[in-house]
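Below: one structure, written as structure tokens.
Number of protein chains: 2
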Amino acid sequence: GEGFVIIGLGTFGTTVATELARAGEHVLGIDRHERHVARVADELSEAIIADARDEDALREAGVGAYATVIVGIGEDLEASLLATMNARLLGVKRVWVKAKTRTHHRILLKIGADRVILPEQEIGRHAAQVLRNPQVRDYVSLGNGFHVVEYVASEDMDGWTLDRLKLDDYQDLRALGLMRGTEFVPCTSPETELKAEDKLLLLGRREDFRRFGDVL
Amino acid sequence: GEGFVIIGLGTFGTTVATELARAGEHVLGIDRHERHVARVADELSEAIIADARDEDALREAGVGAYATVIVGIGEDLEASLLATMNARLLGVKRVWVKAKTRTHHRILLKIGADRVILPEQEIGRHAAQVLRNPQVRDYVSLGNGFHVVEYVASEDMDGWTLDRLKLDDYQDLRALGLMRGTEFVPCTSPETELKAEDKLLLLGRREDFRRFGDVL
Ligand SMILES: Nc1ncnc2c1ncn2[C@@H]1O[C@H](COP(=O)(O)OP(=O)(O)OP(=O)(O)O)[C@@H](O)[C@H]1O
Ligand SMILES: Nc1ncnc2c1ncn2[C@@H]1O[C@H](COP(=O)(O)OP(=O)(O)OP(=O)(O)O)[C@@H](O)[C@H]1O
């Protein structure tokens, strides 16, 4: 609540701003390029042309009244740092910042960012995982080395029963269930039959998945 | 198998290349800037300075022998398009391409990319979701409007039984289980007691989660 300010309306900043606005949130967008402001002005509550390095400009834009600032300036480290520091100076409670490198990441955390986001690294890691294991469609990390993996059953697995996956051979691997189109199929019985394209929802440790992928 | 070529060693390309190399895959990295090639040369199987727009340069680099090419050139649309077309001309089976805009996305698919990746949009959408619902830690899309959401129990929810979430009031919402530290707790009984910080694994439709988030 209490609105969102997006400073830097590049691809990332514009996406965050418009997604929030479409969900009904109050969004102020700020960029120093008139064209970048103009292309989102209709969708946001407010859109202002300003240089984020200028504390007074941000104060006049009313940034201090907001609970959250997102800084979407990736290339210009100095501008990204100044925007972050200015947001903090104006009393903003939550500041998230997009960055390009681990070094930016560390510096930003030191100067007051609550969270630093590295889109190219996150998506790059994810792409590498899926490239190596095409049946791994997506996954979430739960922390502590555990993951929930969306694993798509291949043609060869059509007709297999669940026990053929030998999940018990692994330290901590289990099937939470599977989606077949729009139908949820529980995986409580080892006799459960799989069909090609079924989306198995597997929970386990990273090491389990590595071996599981090698075995299949 | 059969190796990976990464054309364009920016942040995304470098991440994909090094992640694959660290997993033991055979990786060839290509970039037109000597510095970008030099910084990853030690980690990859091979690293070459070349302009991806030059089909002969790519042929000489041996790109035709690989099964997969990843194009990590985001800014220069023409170079990204040419790199994609060249990879196809050289007979590469799988070509994934990073892009910045929906327009690039559509053009790339038309000229032969198997998959187009938009890191800033994907992470931007994800960030917007988490900003609005801090308890939504992560999620995967299963297609057909279904998602698996990692939902962190708040302090207020400490001691709640599962039935207090009233999951049955929603069209398709169910608890697949929850992680408490490194322990998996099944959610088969409505009497299951929740603790703060528990990571609930919920499966449901987008609309269900929207209402669920509003109610809680
Ligand atoms: N000092 C500044 N004040 C306000 N806006 C700025 C400032 N510097 C850069 N911007 C804006 O930030 C936006 C993002 O800029 P940048 O070129 O760093 O993009 P990027 O990190 O490549 O972004 P993306 O990948 O999200 O497109 C641009 O719209 C740019 O005009
Ligand atoms: N014609 C080309 N041939 C080979 N490499 C190229 C060519 N054009 C650009 N590159 C390289 O592609 C890489 C990515 O370039 P670009 O500036 O488009 O990055 P980007 O999309 O902002 O990348 P990232 O966000 O992943 O850092 C750079 O290392 C650049 O040298």
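In order, the protein sequences belong to chains A and S. Numbering of the first sequence is given in the numbering used here, commencing with residue 43 and proceeding in unit increments. Numbering of the second sequence is given in the numbering used here, commencing with residue 43 and proceeding in unit increments. Glycine is no exception: its CB is placed at the ideal position from the N, C-alpha and C atoms.
With its beta carbon at least 8 Å from every one in chain A, Leu-215 of chain S lies outside the interface. Remark: three or more beta-carbon pairs, one from each stretch, lie closer than 8 Å, so the segment 107-125 of chain S and the segment 49-66 of chain S are flagged as touching.
Under DSSP, Ile-91 of chain S takes part in a beta bridge, and its partners are S:Asp-73. Here the C-alpha atom of Pro-228 of chain S lies approximately 35 Å from the C-alpha atom of Ile-159 of chain S. The way I'd put it, the segment 82-98 of chain A doesn't touch the segment 136-154 of chain A; fewer than three beta-carbon pairs between them come closer than 8 Å. The beta carbon of Glu-239 of chain A lies closer than 7 Å to those of Val-194 and Ala-195 in the same chain, with the five residues before and after it left out.
In the three-state scheme derived from DSSP, where H, G and I count as helix and E and B as strand, Glu-225 of chain A is classed as strand.
The C-beta of Tyr-193 of chain A comes no closer than 8 Å to any C-beta of chain S.
At a beta-carbon threshold of 7 Å, the residues of chain S lying near Gln-163 of chain A are Thr-53 and Thr-57, ordered along the chain. Leu-245 of chain S and His-68 of chain A have their C-alpha atoms spaced approximately 29 Å apart. When the five nearest sequence neighbours on each side are left out, the beta carbons in the same chain lying within less than 8 Å of the beta carbon of Ser-231 of chain S are those of Leu-204, in order along the chain.
Note: Ile-159 of chain S is bridge-paired with S:Lys-140 in the DSSP secondary-structure output. In terms of Cα proximity to Gln-213 of chain S, the closest of S:Gly-187, S:Thr-234, S:Glu-102 and S:Met-127 is S:Gly-187. Between the alpha carbons of Glu-61 of chain A and Glu-85 of chain A lies a distance of about 10 Å. The count of Cβ pairs closer than 8 Å, one atom from the segment 164-175 of chain A and one from the segment 159-178 of chain S, reaches three, so the stretches are in contact. Across the structure, Gly-133 of chain A and Arg-101 of chain S are spaced so that their CA atoms are roughly 56 Å apart. The Cβ of Lys-135 of chain S sits no closer than 8 Å to any Cβ of chain A.
For the options A:Asp-210, A:Leu-236, A:His-78 and A:Ser-87, the alpha carbon positioned closest to that of Gly-219 of chain A is the one of A:Leu-236. For the pair Phe-46 of chain A and Lys-135 of chain S, the Cα-to-Cα distance works out to about 44 Å. At a cut-off of 7 Å, the beta-carbon of Gly-114 of chain A counts as near ligand 1: some heavy atom of the ligand is closer than that. Among the residues of chain S, those whose CB is under 8 Å from the CB of Tyr-181 of chain A are Val-182, following chain order. Selection S:Gly-154, S:Asp-198, S:Ile-112 and S:Ile-153 evaluated against Lys-140 of chain S yields S:Ile-112 as nearest (Cα-Cα). DSSP places Thr-203 of chain S in the strand class (E or B) of the three-state scheme. Within the model, the alpha-carbon separation for Ala-89 of chain S versus Val-79 of chain S is close to 6 Å. Around the Cβ of Gly-185 of chain S, a 10 Å sphere holds fewer than 16 other Cβ atoms; the residue is exposed. Contact check for Ile-48 of chain A against Gly-66 of chain A fails: the beta carbons are separated by 8 Å or more. Annotation: Cβ neighbours of Lys-241 of chain S in chain A (cutoff 7 Å, chain order): Leu-184. By DSSP's assignment, Val-47 of chain S forms a beta bridge with S:Leu-70 and S:Val-111. Shown in chain order are the members of the segment 103-115 of chain A whose Cβ falls below 9 Å from a Cβ of chain S: Thr-110, Ile-112 and Gly-114. Within the model, the alpha-carbon separation for Tyr-181 of chain S versus Val-182 of chain A is close to 6 Å. For Lys-142 of chain S, the C-beta contacts it makes with chain A under 8 Å involve Thr-53, in order along the chain. Val-257 of chain A carries a helical assignment under DSSP once its states are collapsed to helix, strand and coil. Chain-order list of chain A residues neighbouring Met-221 of chain S: Leu-184 and Phe-188, by C-beta distance under 7 Å. According to DSSP, residue pairing for Ala-217 of chain A in a beta bridge involves A:Leu-244.
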